[in-house]
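Worksheet: one structure, shown below.
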Amino acid sequence: MKDGLRGKTILLVEDNPDDEALTLRALRKNRIANEVVVAHDGVEALDYLFCQGRYAGRDPHEQPQVVLLDLKLPKIDGLEVLKRMRAEDRTRRVPVVVLTSSSEDRDVVDSYNFGANSYVRKPVDFEQFMEAVRQLGMYWLLLNEVPQA
Amino acid sequence: MSGPRLGLRGRLAGAIFGASAFVVLVGGGAIVAYEAGEIRGEALEAARDRIAVLAEDIQRVLVAGDVEAAAYLVRALGRAPLPMEALRLYGSDGEPVLALGPRSGAAEALPPAPRARLHRWLPDGRLLLVEPVAAGSRRLGWVVAEVSVPRLRQHLSTYLGLALPAVALLLALSLALAWALQRPLSAPLLALAAAVREIGGSRDFSRRVRTKLRDEVGELYAGVNRMLDELEAAHRALAGREALQRAVLDNVEEIVYRVRLEAGDPFGGRVEFVNARVEDVLGLPPARFYEDPGLWARLIHPADQARVRETTERMLATGAGALREYRIRDAEGRWRWMEDRVAAERDAGGRLVALTGVARDVTERRRWSRALERLVGVVQELLETVQEAGCLYPLVARTARELVGADVAALSRRQDEHTCRYVAVEGEEVGLEPGACFSLEQGGLCGWVAAHGEPVRVADILEDARVARDQAAALGLRAALVVPMVDEGRVVGGISAFRREPRPFSEDDERILMLLAGMAAITLRMHDMLEGLEDRVRERTAELRALNRELESFAYTVSHDLRAPLRAIDGFSLALLEEEGARLAEEGREHLRRIRAAAQRMARLIDDLLALAQVTRGEMRTEEVDLSAVAREVAESLRRIQPRRPVEITVRPGALVRGDPRLLWTLMENLIGNAWKFTRGRDPARIEFGWEERCGERVFFVRDNGAGFDMAYAGKLFQPFQRLHSASEFEGTGIGLATVRRVVERHGGRVWAEGAVDRGATIYFTLGPRAAGGRARDGEAAA
């Protein structure tokens, strides 16, 4: 199990440092040891995914195992990021879990319409959040085989 | 009056005369007969005396046997005052002895042998005598003598000679008397007869007969007068009825006719009567119909003939009267609609003998009723197009054109104090265009009507001083009818109708167009109002939409941004507890737990508030929802979360309503969730969902046997954040029932609660007329 969780990166797109810390803690507590890259806004996330700007030197074949995407982001919001990911061949098949505070129907519907693979509402109760992250990790990091681009 | 014309006078005189003549003749006859008898008796006595004397002489002679002497004697006797015409002498043995005298033939009438005395008067007035001849007691023979009695004849002829003139005189007298006597009797009767005859001839029943007589004739007079009274009364009544009948028949609006049928054929017959109205209606004098019995039937429109025939035959079959409606051609060739009520008349044997009909000209009425029908239809159309000026204006003009049979019709609206504008022109292509303006002062007829507010009818606009000749000639229109459109006392426009020929519009046309103008005026006002209203509604809607959008983004922000800090508070509290917990005192750990609980409660509060906002602002979707099924599912999910709680849930099946499924789910979730929450600690807890019918309305309820509430605070239950229980007793945000109320209100229903502390609570709700599944009647549900 430990081996399986290592190696592949997780891209966490989150502008709130509290949430970032808590998410990282939840991953750690669930013994998910993958490298976690954190992008703090939509632009940064897209730079990483498309190997541009700050991440221009990155190997474009190395795509993250899963993207944990907040919707409400500075500059470019989460849905836009998702849309652009799905428009690019390189990122089309990368699993995206929308991780957000919003429970608006519209957000859920839009997320799935733009090609999100999962939608997780961040609960206030951290124990529940931990449980959610654990289940996500099990599914997207262990069970799901991501087709290689 | 038949038979011999022997008048009363003649009969009376005849009777009197007959009676007196009878008396005269019988009296005279009797006197003559008596005289004759007397004379005869005397003659017989004298003859017997002579023969007796003679017989004595003869007896002596016979005894002496001297026949010669006897003959002498006899001859002598014959010359005596009683002359013997003949004389025979018979012996006692009956043998004739001697016959004397020239006329002995008389003896032939005697028996061959005389046996007894006798006398007989012969027709010629002579006397035949048989006398015995005796000598003492010895019978010697018989003498038969024929004696002529000249005095008798003499006497009689004298008598008659006197009597006849007397009788004749008497008769003449009696005749005169009879004539004189009958006069006083017959005169009053004859006068009466003459008077009656005269009254009969003159038909003057007001005259009376008069007499001074008080006898039976007087009574007869009185009787005649009484009869005349009655006759006069009857005659007067009859005359009155006749006058009434005449007056009615001459003055009724309807054509009244009577046809005597021949051979029972209801379509053939002789027109017995038709009143003068027929000439007013059809332009044909009654005489035409008397002369030509088939004329009426021929004038009926060919398309209506069969129907008339059928109606009539049905009437004859059922015996009822019939109402026949058909068109008939008048003298000018126009079709008039008739409403003909006809009744059959039968003789004692049930045979059809006559038809009496009352026919009314309903052409105008039909036209009005058609116009009204059209106008009623137009109301509907006007209301349908009231929002669309582009449809509304042409509709008014088109309807005007149809209603009055115009070639061109136009609708104009007032622009300002001085101008009007054509907004629609319908009909044949003329110079008139929608959008063209005209002034009230120089706008021809339309301007005049707009300025004066009165309708105008003109047979030929080329002749009208108000119209500019060259302009009118260019339009090619002649007859015109223009009516003003008046709304609230102000002329707001006009409707004009034109014809190409100078065939004038009628007064009815004007009235119909005025009606349309009235309706159009109101519709135009509605149109203007609606237009203003729509603008306002559009503005308000835009404002509301903007507000709604703002609210939405606010709620979004709240949900997203308020939760993040809470999550941090909770998350880091937990992190602290887990990582540094061992270093903290128990009190410190308790503080951290409280921090976490508070953060979580606030998160729930935010969620509930968002749900409430959602309920308030989301779009409503209406479909059929089975509330019972929803209740069951909600209960099942609760049971899954807390499987060990002893809860008995009763759900009455079949609560079908119409409403928004998502909102109704929220409703049941809150109600049953509440009941679940507040029955904690009951064993068993009971929760029931059902309904009852109240005043035709379906009232649903959710009942529990939980903590209940104080009715004094029932009003607070449905307000947000109002809680009747402390958080330590029952957790909650105080928003659940507020949400329930929003859901119910959005469905047009009501919600209320009943309960008591520790005795459970019942929340009642209705879902309004729309959602009641059509079971409650609208009126009652709304009341």
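For the protein sequence lines, the chains are A and B, in the order given.
Quick note, the first sequence lines up with residues 1 to 149 if you use the working numbering.
Quick note, the second sequence lines up with residues 1001 to 1783 if you use the working numbering.
All residues carry an ideal CB built from backbone N, CA and C; glycine is no exception.
Bear in mind the structure is a predicted one, so any value in this text is a computation, not a measurement.
When we look at the beta-carbon of residue i and count the other beta-carbons within 10 Å, is it buried (16 or more) or exposed?
| i | result |
| --- | --- |
| residue 1527 (chain B) | buried |
| residue 1107 (chain B) | For residue 1107 (chain B), the predicted model reports a pLDDT of 47, less than 50, meaning its position is unreliable; a value from the coordinates is still stated below. Residue 1107 (chain B) is buried by the Cβ-count criterion. |
| residue 1470 (chain B) | exposed |
| residue 135 (chain A) | exposed |
| residue 1221 (chain B) | buried |
| residue 82 (chain A) | buried |
| residue 1022 (chain B) | exposed |
| residue 1013 (chain B) | buried |
| residue 1426 (chain B) | buried |
| residue 61 (chain A) | exposed |
| residue 1697 (chain B) | buried |
| residue 19 (chain A) | buried |
| residue 1103 (chain B) | Its pLDDT being 48, under 50, residue 1103 (chain B) is placed unreliably in this model, and the value from its coordinates should be taken loosely. Counting Cβ neighbours within 10 Å, residue 1103 (chain B) comes out exposed, since fewer than 16 surround it. |
| residue 113 (chain A) | exposed |
| residue 52 (chain A) | exposed |
| residue 1271 (chain B) | buried |
Identify, in the order they occur along the chain, each residue of the same chain with its Cβ nearer than 7 Å to the Cβ of residue i, setting aside the five sequence neighbours on each side.
| i | result |
| --- | --- |
| residue 15 (chain A) | 40, 41, 70, 73, 74 |
| residue 126 (chain A) | 22 |
| residue 1218 (chain B) | 1211 |
| residue 1424 (chain B) | 1393, 1394, 1396, 1397, 1410, 1411, 1434 |
| residue 1654 (chain B) | 1628 |
| residue 1606 (chain B) | 1558, 1559, 1562, 1563 |
| residue 1460 (chain B) | 1478, 1479, 1502 |
Determine whether the beta carbon atoms of residue i and residue j lie at a separation below 8 Å.
| i | j | result |
| --- | --- | --- |
| residue 38 (chain A) | residue 67 (chain A) | no |
| residue 1615 (chain B) | residue 1666 (chain B) | yes |
| residue 1428 (chain B) | residue 1408 (chain B) | yes |
| residue 1289 (chain B) | residue 1308 (chain B) | no |
| residue 1282 (chain B) | residue 1403 (chain B) | no |
| residue 13 (chain A) | residue 1600 (chain B) | no |
| residue 1445 (chain B) | residue 1466 (chain B) | yes |
| residue 1246 (chain B) | residue 1356 (chain B) | no |
| residue 1224 (chain B) | residue 1196 (chain B) | yes |
| residue 1335 (chain B) | residue 1508 (chain B) | no |
| residue 1147 (chain B) | residue 1125 (chain B) | no |
| residue 1751 (chain B) | residue 1718 (chain B) | yes |
| residue 1702 (chain B) | residue 1664 (chain B) | no |
| residue 1704 (chain B) | residue 1679 (chain B) | yes |
| residue 45 (chain A) | residue 133 (chain A) | no |
| residue 1206 (chain B) | residue 1232 (chain B) | yes |
Give every residue of the same chain whose Cβ lies closer than 6 Å to the Cβ of residue i, excluding the five residues on either side of it in the sequence, and list them in chain order.
| i | result |
| --- | --- |
| residue 1700 (chain B) | 1691, 1765 |
| residue 78 (chain A) | 69, 70, 71 |
| residue 1235 (chain B) | 1205 |
| residue 1285 (chain B) | 1279 |
Excluding five sequence neighbours on each side, which residues of the same chain lie with their C-beta closer than 8 Å to the C-beta of residue i?
| i | result |
| --- | --- |
| residue 1314 (chain B) | 1322 |
| residue 1163 (chain B) | 1028, 1031, 1032 |
| residue 1684 (chain B) | 1646, 1647, 1648 |
| residue 1024 (chain B) | 1167, 1170, 1171, 1174 |
Margin query: Could you check whether the segment 1480 to 1494 of chain B touches the segment 1446 to 1454 of chain B, counting it as contact only if at least three pairs of C-beta atoms, one from each stretch, sit closer than 8 Å?
Written below: yes
Note to self: Give the list of continuous beta strand (DSSP E) stretches no shorter than 3 residues that lie fully inside the segment 39 to 79 of chain A.
What the structure shows: 66 to 69
Notebook entry, point to check: At what residue ranges does the segment 1547 to 1590 of chain B contain a whole run of the alpha helix (DSSP H), taking only runs of 4 or more?
Noted result: 1563 to 1580
Notebook entry, point to check: At a cut of 8 Å, does the segment 1590 to 1600 of chain B reach the segment 1550 to 1564 of chain B through at least three beta carbon pairs?
Noted result: no
Check: Do the segment 1032 to 1052 of chain B and the segment 1120 to 1131 of chain B make contact, defined as three or more Cβ pairs closer than 8 Å?
Finding: yes
Notebook entry, point to check: For the segment 1685 to 1693 of chain B against the segment 1657 to 1665 of chain B, are there 3 or more C-beta pairs whose distance is under 8 Å?
Noted result: no
Note to self: Runs of 4 residues minimum, wholly inside the segment 1321 to 1391 of chain B: which ones carry the alpha helix (DSSP H) assignment?
What the structure shows: 1363 to 1385
Margin query: Under 8 Å, with one C-beta from each stretch per pair, do the segment 1549 to 1557 of chain B and the segment 1413 to 1421 of chain B reach the 3-pair mark?
Written below: no
Notebook entry, point to check: Between the segment 1020 to 1035 of chain B and the segment 1173 to 1180 of chain B, do three or more beta carbon pairs fall short of 8 Å?
Noted result: yes
Margin query: Under 8 Å: do the segment 1176 to 1188 of chain B and the segment 1022 to 1033 of chain B share three or more Cβ pairs, one atom per stretch?
Written below: no
Note to self: Quick check: the segment 1534 to 1542 of chain B against the segment 84 to 103 of chain A, are at least 3 beta-carbon pairs closer than 8 Å?
What the structure shows: no
Next item on the list: List in chain order: all unbroken beta strand (DSSP E) runs of 3+ residues lying wholly within the segment 1451 to 1497 of chain B.
Entry: 1456 to 1458, 1479 to 1487
Note to self: Can you confirm whether the segment 1579 to 1591 of chain B touches the segment 1707 to 1715 of chain B when touching is taken to mean that 3 or more C-beta pairs between the two stretches lie within less than 8 Å?
What the structure shows: no
Notebook entry, point to check: Along the chain, which unbroken stretches of the beta strand (DSSP E) at least 3 residues long are found entirely within the segment 1650 to 1689 of chain B?
Noted result: 1656 to 1659
Note to self: With three or more C-beta pairs closer than 8 Å as the rule, is the segment 1360 to 1375 of chain B touching the segment 1326 to 1346 of chain B?
What the structure shows: yes
Check: When Cβ atoms are compared, which residues of the segment 120 to 131 of chain A fall closer than 8 Å to chain D?
Finding: Absence of chain D from the displayed structure is noted, the protein chains being A and B.
Next item on the list: Kindly provide the ranges of any beta strand (DSSP E) runs that are 3 or more residues long and lie completely inside the segment 75 to 114 of chain A, ordered along the chain.
Entry: 96 to 100
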